[in-house]
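Report on the structure given below.
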Amino acid sequence: MYYQNFYMPQKKVIDVPSLSKGGPYSHAVIYDNLVFISGMTGQDPEKDLSFEEQFKNAIEKIAKVLEQASSSLDKVLKVTVYLSDPQYFNKMNELFKYYFPNNPPARTTIVCRFVNDKIKVEIDVVAGI
507 MYYQNFYMPQ
517 KKVIDVPSLS
527 KGGPYSHAVI
537 YDNLVFISGM
547 TGQDPEKDLS
557 FEEQFKNAIE
567 KIAKVLEQAS
577 SSLDKVLKVT
587 VYLSDPQYFN
597 KMNELFKYYF
607 PNNPPARTTI
617 VCRFVNDKIK
627 VEIDVVAGI
């Protein structure tokens, strides 16, 4: 039997010390040339932020994790956006165009309920490295 030497990608965990986590998970996992980022929210426990502020905060967190993973927002391939209310859909589209102006990534948008009622949006992404 003949066996070739195959490249076996390794899983690498990324955690950003300045970002909090809500449970036992990694901020991101790199596998081969892809980085999978856990859902990021943008709420502030001290104050009630607008949808726009939460979206911006979530994207900024994602950008920090991408930087740790040697990637960036322009390498994002797939985005899943979770909205607490369908009324945010049009505003989310505007913000999405702002952060992904050229060749936007694939996207799925889901309206759902969050455990924390202050959360208005959560975003997870898959990006290339």
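Residue numbers for the sequence shown follow this note's numbering, beginning at 507 and rising by one.
Ideal Cβ positions, reconstructed from N, Cα and C, are used throughout, including at glycine.
Query: With 16 other Cβ atoms within 10 Å as the buried cut-off, status of T547; Result: buried
Query: Selected residue, minimal CA-CA separation from D623, among Y513, D554 and D580; Result: D554
Query: For S526 and I536, the rounded distance between their alpha carbons; Result: 19 Å
Query: Where E558 falls: helix, strand or coil (DSSP); Result: helix
Query: Residues near G634 in its chain [Cβ-Cβ closer than 7 Å; skip 5 each side]; Result: N539, L540, S577, K581 and L583
Query: V586 vs I565 beta-carbon contact at 8 Å; Result: The sequence given here has Thr at residue 586, not Val. No, Cβ-Cβ distance for T586 and I565 is not below 8 Å.
Query: 3-residue-minimum beta strand (DSSP E) runs that sit fully inside the stretch 589-624, ordered along the chain; Result: 612-617
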